[in-house]
């Protein structure tokens, strides 16, 4: 995997190589070159299987990190490509011409994170939610508990203890940080 | 009987529909049905209790236990419980666990399409108070705010034996004439409708799917 | 010799997609589901029909969306442990294992050897139970309802064993990070062996009743063929892929748990239609039985089954990210776990194999299929919506 990174470095602006396991590594690439790199990996490096494609919200840094997880069936290596997007301008090049299922992941990301992929088929259609008019639910600032309490009718009598404090009191009264 | 309540004469607005669909659906509300004289009602309830057609709409993960229930091992046919593929021909609606907002819309449609007498059995903790998903943004917490529930079977998920016990209990309740969910729905129609419309944001169907 | 059927009344194909004019009154739009005939969960297909042939298919999911990935972000690491198994109802064990394995990798815990063997045993039993349920659906979709009665009952015998082993019938919550919750009860091996014998006998009968059944063969041979070219393009994994003759199996390629010490061959097929996929899964059921027997034979009989964990109430996982995968009944299932060093996970993303099988593959396969075969085709892809929408 390290050799792959060394091979890619002169061609693309890849940085931050991290080897997690012998068969799993991550690397970072700026947004504008991501689609090119992924196409190169698929066509010339044998990473023919798009395992999944998702995003992580780093709200404190103001970025969404996209993860394209690719798998090479010959060498049995898995490679995660990280791409950082600004939260305020969450638009990314679509990779739907490369894999058929990519359009679906992009539809999900549009709905769950509000990341737009112009040109991806059906990206504006609802995927799982119907008539959703709040901020996209997977964003960190969306508070699912507050929304649930506001919208659905919580049944009275449910004791809402903080599980951590409650369990600590029950099981380890003299231990741990208070 | 039905004329005594002036609310029943009001037409439903059907705001969610657009022309020409507005012409196709009726605007009348459900009306409560008063029981017949006692002996007749007892005979009817006895008949109702012993042929329960369960609507085959597994709305959540609890539906996975309906399959062992209706096959050879637990064999709910012994109790007169059988699956029925369409809401028009079924009389028991088993809410199989959590209901997401998108499913709730289908539950409401299916429930309203069922003919009287109709009963609702809600299984799983998540129908009672949200259960494991009490803080989820997409699953409702209390099913009884959206459709009337006659019987709860708690557990995550309830075992087939619990379901059998539940059906036996349901039969007792029907025989005692206590399963009046459909009338409750008709009487509190506006309250149920307001609750449903609160969470189903894109209401594009008639107000009463009959 | 039959002449070529008259296709003039069917819509024209442009770039492989039919041009459908819904106002021409030649077509019918039909919703297949979410009240679903198979045993796959709620998912609906929006079909456009010309006669009884499907000319367009669109999948809709979201009926079972519970927002798991969001819920997990606001629960502590150990609180997530009862949550993950609820993601896939017929086979929760794979979720438990993957979550535990991901956590162990990030936290640097090495589970004891006996725990690994018990986990493998649990996973293989789960696979067999899940296949039994699928087989009932596959036969039922083609009108053989009796098979469903048999297989679901036999699956129930398996569930009894799970109950004995783990305490839970459907949701086990058995594979804790660090090991498993308990060892095997006394006499478990004999009872497991007795159930395996019954299942084996059942499989023999099913071969006669289903696989040699003329109606089943006529309807399934040649239905829903997946080309080899589609595999990488659509990301198809699992038995759907192996029915094309490609011997890829996570258990063989990237052995996890103790699969490198077990002796098995990857089951493959050639024709890649519904019948072949049935045969591949049928072969894998025998493979499961064989693997369970091997595990029982070679498993260490004593030793610890659980590694002590730190106080899980304030268990902080070191920052990092990982992806772990396993071969579930439908294909490659994976968990992508990101930790930022706090009490709560940053992000957990679940890769379910149905994601691609139910959407692009199903939408492509359905075109040109008769409406009567849609349910069977869908079950043969073994789609399971809760892992699409989580």
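Chains as they are written, first to last, in our numbering: chain A, 42 to 219; chain B, 7 to 216; chain C, 2 to 391.
Positions of the beta carbon are idealized from the N, C-alpha and C atoms, including for glycine.
- Residue 49/B places its beta carbon 9 Å or farther from that of residue 192/B.
- In the three-state reduction of the DSSP assignment, residue 120/A falls in the strand class, which pools E and B.
- Here residue 25/B is exposed. Its C-beta has fewer than 16 other C-beta atoms within 10 Å.
- For residue 150/C, the residues of chain B that pass the 7 Å Cβ criterion are 77 and 78, in the order they occur in the chain.
- Linking residue 246/C to residue 329/C through their CA atoms gives a straight-line distance of about 19 Å.
- Spanning the alpha carbons of residue 70/B and residue 62/B requires a straight line of approximately 12 Å.
- Taking all protein chains shown into account, residue 351/C has 16 or more neighbouring C-beta atoms within 10 Å of its C-beta and is therefore buried.
- Identification of chain C residues near residue 138/B by a Cβ-Cβ cut-off of 8 Å yields 83, 84 and 87, ordered along the chain.
- Contact between residue 121/C and residue 280/C does not hold, since their C-beta atoms are separated by about 25 Å, which reaches or exceeds 8 Å.
- Going by DSSP, residue 313/C is part of no alpha helix (DSSP H) at all; its letter is neither H nor E.
- Here DSSP, grouped into helix, strand and coil, assigns residue 172/C to coil.
- Here residue 76/C is near residue 345/C, since their CB atoms are less than 9 Å apart.
- Restricting attention to 106/B, 74/B and 56/B, the CA atom closest to the CA of residue 170/C is found in 74/B.
- Note on geometry: alpha-carbon atoms of residue 139/A and residue 251/C lie some 23 Å from one another.
- Using a Cβ-Cβ distance cut-off of 8 Å, the segment 86-98 of chain A and the segment 106-120 of chain A are in contact, since at least three pairs of beta carbons, one from each stretch, lie closer than that value.
- Within the segment 260-332 of chain C, the runs of beta strand (DSSP E) that reach at least 3 residues and sit entirely inside it are, in chain order, 321-329.
- In this structure, the alpha-carbon of residue 185/A lies about 32 Å from that of residue 363/C.
- With a threshold of 9 Å between beta carbons, residue 172/C makes no contact with chain A.
- Leaving aside the five residues that flank residue 95/B on each side, the residues in its chain whose CB is nearer than 7 Å to its CB run, in chain order, 59.
- At a cut-off of 9 Å, the C-beta of residue 175/A has a neighbouring C-beta in chain B.
- In the displayed model, residue 110/A falls within a strand according to three-state DSSP.
- Looking at the DSSP output, residue 32/C bridges to 47/C.
- Excluding its 5 nearest sequence neighbours in each direction, residue 292/C has C-beta neighbours in its own chain below 7 Å: 125, 263 and 265, listed in chain order.
- Going by DSSP, residue 33/B is part of no beta strand (DSSP E) at all; its letter is neither H nor E.
- A direct Cα-to-Cα measurement between residue 308/C and residue 160/C gives close to 27 Å.
- Distance from the CA atom of residue 220/C to the CA atom of residue 148/C, rounded to whole angstroms, is 17 Å.
- By DSSP's assignment, residue 207/C forms no beta bridge with any residue.
- Counting C-beta atoms within 10 angstroms of its own C-beta, residue 129/A has fewer than 16 neighbours from the protein chains shown and is therefore classed as exposed.
- Our two residues, residue 78/A and residue 53/A, have alpha carbons roughly 7 Å apart in a direct line.
- Chain-ordered, the chain B residues with CB closer than 8 Å to the CB of residue 72/C read 139, 141 and 142.
- Taking a Cβ-Cβ threshold of 7 Å, the residues of chain A close to residue 107/B are 171, in chain order.
- Excluding its 5 nearest sequence neighbours in each direction, residue 130/C has C-beta neighbours in its own chain below 8 Å: 91, 92, 156, 159, 160 and 163, listed in chain order.
- In this chain, the alpha helix (DSSP H) harbouring residue 143/A covers 143-153.
- Residue 370/C: not part of any beta strand (DSSP E); DSSP gives it neither H nor E.
- The continuous stretches of beta strand (DSSP E) do not include residue 108/C, which lies in the alpha helix (DSSP H) extending over residues 93-108.
- Between residue 377/C and residue 69/C, the C-beta gap is not smaller than 9 Å, which leaves the two residues out of contact.
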